[in-house]
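Student: This is the structure I have questions about; it appears just below.
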Amino acid sequence: MPDPAPALDAVTAGAFLLVLAIVVPVAGLLAAFAAGGRWVERIALTTLPLGLAIAVAIAIALWRTDAPIVYLLGAWAPPLGVALRADGLSALMMAITAVVICGVGIFACADFRIPAGATEARAPFAFWILLLAIWAALNMVFVAGDLFTLYVALELLTFAAVPLVSLDGRAETLQAALRYLIFALLGSAFYLVGSALLYGAYGTLDIVLLSHQLRAQPATLVAAALMTVGLLAKTALFPLHLWLPPAHAGAPAACSAVLSALVVKGSFFIVVRLWFGVMPGLPGSAAAQLLAALGAAAIVLGSIVALRQERLKLLVAYSTLAQIGYLFLMFPLALDPATARLASGGALAGGILQAISHATAKAAMFMSAGLLYAALGHDRISGLAGVARALPLSVLAFALGGMALIGPPGSGAYLAKTLLLQAADDGGQWWWTVVIQAGGMFTAGYWLLVLVHTLARGDASAALRARVSRLQEAAALALALCSLLLGLFPWDAYLAIPAGAAASNPLTLKALSSLLWPIVGGAVLATLLGRSGLPPARLRVENLLVAVIRPVRRGVLVLSGTIERLDGALRQWPVAAISLLVIAMLLGAAMQAAQSLD
Amino acid sequence: MTFALALHIALAGMMLGLAAWTIAARETFAAVVGFVVYGLFLALVWVRLDALDVALAEAAIGGGLNGLLLLGAAARLRAAEAPADAERPGASLRLLAALLSATVAAALAAAVLLLPEPAPTLAPAAAANAAATGLANPVTNVLMAFRAMDTMLEKVVLLLAVVGVWSIAPDHFWGGRPGVRHQADPQGTLAFLARVLTPFGIVVGIYLSWTGASHPGGAFQGATILAAMWLLIMMAGLADTPPMNARRLRLMLIAGPAVFLLVGLGGLAFGAAFLAYPAAYAKPLILAIEAAMVLTVAITLGLLVAGPPERSAAP
Amino acid sequence: MSIASVFALCAAAAVGLGLYGLLVSPQPLRKILAFNLLGSGVFVLFGVVARRGAAAGFASDPIPQALVITGIVVAFSATALAVALLLRLLQVSGSATLAAHSSARSSRDPAGT
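Taken in order, these protein sequences are the chains called G, C and D.
Heads up, the first sequence is in my numbering, so the first residue is 956 and it goes up one at a time.
Heads up, the second sequence is in my numbering, so the first residue is 96 and it goes up one at a time.
Heads up, the third sequence is in my numbering, so the first residue is 179 and it goes up one at a time.
Following this line, the structure appears as structure tokens:
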């Protein structure tokens, strides 16, 4: 990130927008709480365009500028006071948050209706207020310049996200919410203890001041390891993912969309700020490779278990797990080998782009999965035959969202992948190239699996239990299209993208072939791992094919069975908590090793 | 080893003993009782660390209200305890957990003991800028002036906790009264205690909030005592929890953050910055915010202990 | 050894004990209790840092003290939310445990493949 030392004490023009970005959702939620009844939805829906306008205004203010916007709260300068700082990263994350929340808000109107005759109902009241709170918390996360303010924002985010999980009141979701809450609290306790050590060592918690003063000391290393692990627990990176699948799969559709798309990105963003902003020179190669290794494991485990799922929402939840792993691949790729510091270059841009395109795509996927569930009364993948003809728009939204995750040319994920692959090439880290390409295949695998089931012949229209609202389908489709077209946005106005990467023609044969390999590989994976088994063979050719595939499939299933058992074991509380401590120690040791080698 | 050091080591030792009891006790109720006593010792530790405001907050919120909440929960969960015991991890897993926890604790201890000397501190900056607000209590200065944003956000966190707790209620009790209706013998000790103690408690609570401007104390600590008195009255059956959709209740719950936000926006529009106070009016503004905060925090803490609505609004 | 060091060791031990409780206790309420213990250890660490920062006539640096007060209130609200979830879980399902009763998916194939 650019060095804003001269801007430390200066309040730049338009900086009050940063305050408004937090104050508007907060004021909305206070007003909605006091007004109650049907006013809650009205106030929330009024706040949505206001917040979107503020996010756009901040993005415009930061167009092609190097210096971040700085605002000193209470006119007190750090280290005594708290500053708000928005750079290109913040502006982009705030903009995509606003877009996704507006999409979710429009989608949720139909799901959270107050029944006629009642003045107020529990689920609508809670949902709208919690949605506004998540928005305020995320905006705070993206602009706060102080580690303790980030802690309060993180707690606000957790308190707003947990009740969304258990909004339908079933025992499984209550359990999932409680598991999420306690594990997330463990994470924030680790984050807080790290902040205590950093204050003890440097006398300030301001991000910019810390970055100037940071040296490798025992306190700093312990703080870095503990804070990172605490944030990883809140982001559900492998192996700390025990809470995510039941929580995201059990929540109502609109809530799952917000949880998967945005909430996990909050703690991820703080990891980025910590590693790139506060201590770019501290972690070193080993710790960065460790993070990415966990990410690679998340991709493999999440995708394989997703392929084995019977329920659509669980498949999408495990897909989130895999995509979160993708986000952490950028850390070793951003390491500048000459200075052993994390540089804000193409790899960082690729990681953030991945986060942004995943946000819109996953929101669309959860929304469409929710529509299918509401229409059919179940979300069994094997029971989706014929749904593509019965609910074409919903299936299209799911298809486009999934495709956006694979990364066809012109999409955000494609650009992200290009940037990451380029960084891997530049750094000679070929193993991450393999992981990135394999990840594309895995994503295509479970996407194809669902699509093939929906396209299969069947009469689902007779089984439709409820009409699907056109507005909801439109919202899901809009977000999916957004994700598909994100590559066309001028990212180099905000991120330090190396010249030429963004300008590559998405329609070249090479670019289109980059889509072919994941789809072919994905088809193979879906055939080998999908639950429904192979179709009955009628022709001689099909018989031959089946005879060849069957033993391969048996072997692959043994492997995937092991992975599923591993996932089951890791999702036991004692094992997950122990792995949390083990990862903390490994990170600490890796950072210490990097320092000793200097 | 001086006498004072020996006393402190004894205090730390008793605390750790109670902490170990909290973890190791067979019955959860006994563990919670141990935790409440641990909280009181912890307040003593805060006094010895010369952080009196924190000592008051810990004794009131950390030990007092927290303990009340956990005791109530432990009583209700007694029946469900035995089945859960079957899931206790095996001995090898427990040993591994113990080793790992001990390593983390050792790393923390090493990190703190090896912190640089002289310790970096913001105390001189806080002292130099204390004149801006006219308050003599430096901690209140930090909470209300230098880091006012954190305090304001924290009010929103409290409100969110109430919304979260309420959202857990069953649909048919929405709009009803939180908690169960307590009955107590009108001639008995509890009702007597409630009648006698409450007026004193209210005076002490208001005094603690008021005096927080210049002496140890503050809005949180005073509000906790007011909340405790309210809870005492409800537990003695002298009053009932209000229905959660009462308009006045909702307004009182947002009063604290709303006043804070309005003053902040006033600073944004007319003053130097969001949450900046004009020099002449700093103290009255801060006291006004604190008054609203005390009201809101007292009711919020009381509602958090009372829990989600468990009956309909009919009295 | 100074007073601050004694309490620093005490706080680190409290963090260790709280972690152990969180890892090992099967009952969610014991986990919540252990989390409170862990939190209190973290706060005392802040307090030790504040005490070391005594200067300018203050016996203790006021900034960490303010952070701890905020932290205590946040920890209490977290406990309240967790307890409410737990009690409702008990009401709805009759048991209060975090272990999911539906086990991991069977990896056996449907017959014929």
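Beta carbons are placed, not taken as given, at the ideal position from N, Cα and C, and that holds for glycine.
Since the model is a prediction, treat every value here as computed from it, not as a measurement.
Rounded to the nearest angstrom, how far is the Cβ of Trp116(C) from that of Gly129(C), given a contact under 8 Å?
Tutor: Counting from one through the second sequence, the residue named residue 116(C) turns up at place 21. Counting from one through the second sequence, the residue named residue 129(C) turns up at place 34. 4 Å between Cβ atoms; contact.
Student: Leaving aside the five residues before and after Arg1296(G) along the sequence, list all residues of the same chain whose C-beta is less than 7 Å from its C-beta, in chain order.
Tutor: In the first sequence, counting from the first residue as 1, residue 1296(G) sits at position 341. Pro1235, Gly1236.
Student: Apply the 10 Å Cβ neighbour rule to Gly1306(G) and answer buried if 16 or more other Cβ atoms are within range, or exposed otherwise.
Tutor: Locating residue 1306(G) in the first sequence gives position 351, where the first residue counts as 1. By the neighbour-count rule (16 or more Cβ atoms within 10 Å), Gly1306(G) is buried.
Student: Can you name the residues of chain C whose CB is closer than 7 Å to the CB of Phe213(D)?
Tutor: What you label residue 213(D) is simply residue 35 of the third sequence in a count that begins at 1. Neighbours of Phe213(D) on chain C: none; closest Cβ ~11 Å, over 7 Å.
Student: Determine, using beta carbons only, whether Ala270(D) comes closer than 7 Å to chain G.
Tutor: Here residue 270(D) corresponds to residue number 92 of the third sequence, with the count starting at 1. A small correction: the amino acid at residue 270(D) is Val; Ala does not occupy that position in the sequence shown. Yes, because at least one Cβ of chain G sits closer than 7 Å to the Cβ of Val270(D).
Student: For the region 1020 to 1090 of chain G, which segments carrying the beta strand (DSSP E) assignment without a break, of at least 3 residues, lie completely within its bounds, in sequence order?
Tutor: Fully enclosed beta strand (DSSP E) runs of 3 or longer: 1024 to 1027, 1038 to 1041.
Student: With a 10 Å radius around its C-beta and 16 neighbouring C-beta atoms as the bar for buried, classify His267(C) as buried or exposed.
Tutor: Within the second sequence, the letter at position 172 stands for residue 267(C). It is exposed - the Cβ of His267(C) has fewer than 16 other Cβ atoms within 10 Å.
Student: If we ignore side chains and look at the alpha-carbon of each, how far apart do Leu172(C) and Lys209(D) end up?
Tutor: On the second sequence, position 77 is the one that residue 172(C) refers to. On the third sequence, position 31 is the one that residue 209(D) refers to. Going by the C-alpha atoms only, they are around 13 Å apart.
Student: Below 8 Å CB to CB, which residues in the same chain sit around Arg1335(G) once its five sequence neighbours on both sides are set aside?
Tutor: Working through the first sequence from its first residue, we reach residue 1335(G) at position 380. So the list reads Glu1265, Arg1266, Leu1267, once near-sequence residues are dropped.
Student: In chain G, what lies closer than 8 Å to Asp266(C) by C-beta?
Tutor: Counting from 1 along the second sequence, the entry for residue 266(C) is found at position 171. Ala1076, Arg1077, Ala1078, Gly1124, listed in chain order.
Student: If you drop the 5 nearest sequence neighbours on each side, which residues of the same chain put their C-beta closer than 6 Å to that of Gln243(D)?
Tutor: One-based indexing of the third sequence puts residue 243(D) at position 65. So the qualifying residues of the chain are Ala228.
Student: Leu321(C): which of Glu176(C), Ala368(C), Val392(C) sits nearest, CA to CA?
Tutor: For the purposes of this step, residue 321(C) is taken as residue 226 along the second sequence, with counting starting at 1. Looking at the Cα atoms, Val392(C) is the closest of the given residues.
Student: Strictly below 8 Å CB to CB, what residues from chain C border Ser1121(G)?
Tutor: In the first sequence, the residue the question calls residue 1121(G) occupies position 166. What Ser1121(G) touches in chain C: Ser262, Ile263.
Student: Entirely within the region 1213 to 1261 of chain G and at least 4 residues each: give me those alpha helix (DSSP H) ranges in chain order.
Tutor: Listed in chain order, the complete alpha helix (DSSP H) runs (minimum 4 residues) inside the region 1213 to 1261 of chain G are 1219 to 1227.
Student: Can you tell me the Cβ-Cβ gap for Asp145(C) and Gly313(C), rounded? I've got them flagged as a contact below 8 Å.
Tutor: For the purposes of this step, residue 145(C) is taken as residue 50 along the second sequence, with counting starting at 1. For the purposes of this step, residue 313(C) is taken as residue 218 along the second sequence, with counting starting at 1. That belief does not hold up - the Cβ atoms of Asp145(C) and Gly313(C) are roughly 16 Å apart, past 8 Å.
Student: Going by the C-beta, is His103(C) closer than 6 Å to any heavy atom of the ligand FMN?
Tutor: With respect to small molecules bound, the structure shown includes none, and the ligand FMN cannot be examined in it.
Student: Is there a Cβ from chain D that is less than 7 Å from the Cβ of Gly270(C)?
Tutor: Position 175 of the second sequence, counting from 1, holds the residue named residue 270(C). False, the Cβ-Cβ gap to chain D never drops below 7 Å.
Student: Which residues in the same chain as Asp1291(G) place their Cβ atom closer than 7 Å to its Cβ, once the five residues preceding and following it in sequence are excluded?
Tutor: Position 336 of the first sequence, counted from the start, is the residue given in the question as residue 1291(G). Once the five neighbours on either side are set aside, the close Cβ partners of Asp1291(G) are Ala1298.
Student: Could you confirm whether any beta carbon from chain D is found closer than 7 Å to the beta carbon of Gln1130(G)?
Tutor: Position 175 of the first sequence, counted from the first residue, corresponds to residue 1130(G). Chain D, which has a Cβ nearer than 7 Å to the Cβ of Gln1130(G), makes this yes.
Student: Over what stretch of residues does the beta strand (DSSP E) that includes Pro499(C) continue unbroken?
Tutor: In the structure displayed, chain C extends from 96 to 410; residue 499(C) sits before or after that span and is not available.
Student: DSSP state of Pro273(C), grouped into three classes?
Tutor: Taking the second sequence and counting its residues from 1, one reaches residue 273(C) at position 178. It is a strand residue.
Student: What residues in its chain sit with their C-beta under 6 Å from that of His1313(G), if we drop five residues either side in the sequence?
Tutor: Within the first sequence, the letter at position 358 stands for residue 1313(G). Counting only Cβ-Cβ distances below 6 Å, and skipping sequence neighbours, we find Gln1278.
Student: Grab me the residues of Thr1482(G)'s own chain with a C-beta within less than 7 Å of its C-beta, minus the 5 sequence neighbours each way, in chain order.
Tutor: For this step, residue 1482(G) is matched to residue 527 along the first sequence. Here the set comprises Ile1504.
Student: Taking Gly259(C) and Ala377(C) to be in contact with their CB atoms under 8 Å, please state how far apart those CB atoms are, rounded to whole angstroms.
Tutor: As a first step, residue 259(C) must be located in the second sequence, where it is residue number 164. As a first step, residue 377(C) must be located in the second sequence, where it is residue number 282. Actually they are not in contact, since the Cβ atoms of Gly259(C) and Ala377(C) sit about 34 Å apart, beyond 8 Å.
Student: So, does the region 1469 to 1479 of chain G touch the region 1388 to 1403 of chain G, judging by three or more C-beta pairs under 8 Å?
Tutor: Yes, the region 1469 to 1479 of chain G is in contact with the region 1388 to 1403 of chain G.
Student: If we cut at 7 Å on Cβ distances, does Asn161(C) have a partner in chain D?
Tutor: Counting from 1 along the second sequence, the entry for residue 161(C) is found at position 66. Yes - at least one Cβ of chain D is within 7 Å of the one on Asn161(C).
Student: Rounded to whole angstroms, how far is the Cβ of Ala1330(G) from the Cβ of Arg1420(G), which I believe are closer than 8 Å?
Tutor: To locate residue 1330(G), count along the first sequence from 1; it is residue 375. To locate residue 1420(G), count along the first sequence from 1; it is residue 465. Confirmed, Cβ separation roughly 7 Å.
Student: Of the choices Ala192(D), Leu187(D), Pro206(D), whose alpha-carbon is the least far from that of Trp1528(G)?
Tutor: Locating residue 1528(G) in the first sequence gives position 573, where the first residue counts as 1. Trp1528(G) has its Cα closest to that of Pro206(D), out of Ala192(D), Leu187(D), Pro206(D).
Student: Go ahead and pull the three-state DSSP assignment for Asp145(C).
Tutor: Residue mapping note: residue 145(C) aligns to position 50 of the second sequence, counting from 1. In this structure, Asp145(C) counts as coil in the three-state DSSP scheme.
Student: What residues in the region 274 to 285 of chain C bring their beta carbon closer than 8 Å to a beta carbon of chain D?
Tutor: Against chain D - using a Cβ distance shorter than 8 Å - the region 274 to 285 of chain C contributes no residues.
Student: Threshold first: 4 residues or longer. Then list the alpha helix (DSSP H) segments lying entirely within the region 973 to 1014 of chain G, N to C.
Tutor: Qualifying alpha helix (DSSP H) stretches: none in this window.
Student: Which of the three DSSP states, helix, strand or coil, is assigned to Leu248(C)?
Tutor: Counted from its first residue, the second sequence places residue 248(C) at position 153. Leu248(C) falls in the helix class under three-state DSSP.
Student: If you draw a straight line from the alpha carbon of Ile1538(G) to that of Ala1532(G), how long is it in whole angstroms?
Tutor: On the first sequence, position 583 is the one that residue 1538(G) refers to. On the first sequence, position 577 is the one that residue 1532(G) refers to. Using only the alpha carbons, I get a separation of about 10 Å.
Student: Quick one: grab the DSSP three-state call for Ala191(D).
Tutor: Your numbering for residue 191(D) matches position 13 in the third sequence. Looking at Ala191(D) - three-state DSSP - the assignment turns out to be helix.
Student: May I have the straight-line CA-CA distance separating Leu164(C) from Phe988(G), to the nearest angstrom?
Tutor: Counting from 1 along the second sequence, the entry for residue 164(C) is found at position 69. Counting from 1 along the first sequence, the entry for residue 988(G) is found at position 33. Going by the C-alpha atoms only, they are around 25 Å apart.
Student: Mind checking which residues open and close the alpha helix (DSSP H) that includes Ala1345(G)?
Tutor: For the purposes of this step, residue 1345(G) is identified with residue 390 of the first sequence, where counting begins at 1. Element bounds for Ala1345(G): 1342 to 1345.
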